[in-house]
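S.K.:
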């Protein structure tokens with residue numbers, strides 16, 4: 008069942024980008040960050056492949072993906088900001104199954120936000136599942152909007168750049184990235200946690216020197 012859904016989404020994404028160009032990339036990446044389950048691991052590598060054919064400019068498509076992620080994330084952020092905890096949970100219970108979002112996944116995002124603080128909105132952009140839903144707890148926590156936007160955009164820029172570059176390098180074999188990404192999810196999470204620990208230790212050392 009899941010493989011059929013992924014296959015359907017892959018064909019849908021290819022069709023939209025092939026017919027709509029940059030606008031298609033923008034709409035798909037905005038939708039993904041606005042909690043609609045459209046995998047960027049398909050959208051951006053395919054766009055990277057098209058850059059090898061001259062259809063896209065590699066730098067413009069990376070910026071398009073990052074800016075689109077920001078727009079979609081802002082929508083999710085404001086949902087959490089204005090709806091607050093109880094409204095978000097009601098919506099997840101009622102409509103989460105259509106968005107492939109469960110309370111457990113939302114709880115995970117909330118725990119990550121509480122544990123690692125606001126900067127997780129930057130680091131989470133390369134993490135599975137959490138990257139899409141982290142905007143909700145950030146909004147619920149009333150995180151500073153401009154800080155949220157800054158972390159989200161630059162985290163998404165790195166993520167978009169990585170996916171587009173891989174698609175560019177792999178060429179016609181761009182679809183193989185999704186399998187590799189799932190295999191290395193755990194290593195990616197460890198790397199992000201390690202970066203977080205390094206940041207904390209670095210800050211503590213600076214404070215001690217004062």
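Residue numbers (the working numbering): 8 to 217.
The C-beta atom is built at its ideal place from N, Cα and C for all residues, glycine as well.
All figures in this text were calculated on a predicted structure; none of them were measured in a lab.
Could you compute how far the alpha carbon of residue 59 sits from the alpha carbon of residue 45?
M.R.: Their backbone Cα atoms lie some 23 Å apart in a straight line.
S.K.: Give me the Cα-Cα distance between residue 8 and residue 83, rounded to the nearest whole angstrom.
M.R.: Annotation note: pLDDT 48 at residue 8 (below 50); position unreliable, coordinate value reported separately. Rounded to the nearest angstrom, the two C-alpha atoms are 28 Å apart.
S.K.: Please determine if the segment 50-65 and the segment 143-151 are in contact, where contact requires at least 3 C-beta pairs separated by less than 8 Å.
M.R.: Not touching, per the Cβ criterion.
S.K.: Mapping DSSP to helix, strand and coil, what is residue 46?
M.R.: Looking at residue 46 - three-state DSSP - the assignment turns out to be coil, as it is neither helix nor strand.
S.K.: On the DSSP letters alone, give me the boundaries of the alpha helix (DSSP H) that residue 163 sits inside.
M.R.: Per DSSP, residue 163 belongs to the alpha helix (DSSP H) from 152-177.
S.K.: Which residues mark the beginning and the end of the alpha helix (DSSP H) in which residue 139 is found?
M.R.: Unbroken alpha helix (DSSP H) run through residue 139: 137-140.
S.K.: Expressed to the nearest angstrom, what Euclidean distance is found between the alpha-carbon atoms of residue 138 and residue 159?
M.R.: Cα-Cα distance, rounded: 10 Å.
S.K.: Helix, strand or coil for residue 64? Go by DSSP, reduced to three states.
M.R.: DSSP places residue 64 in coil when its eight states are reduced to three.
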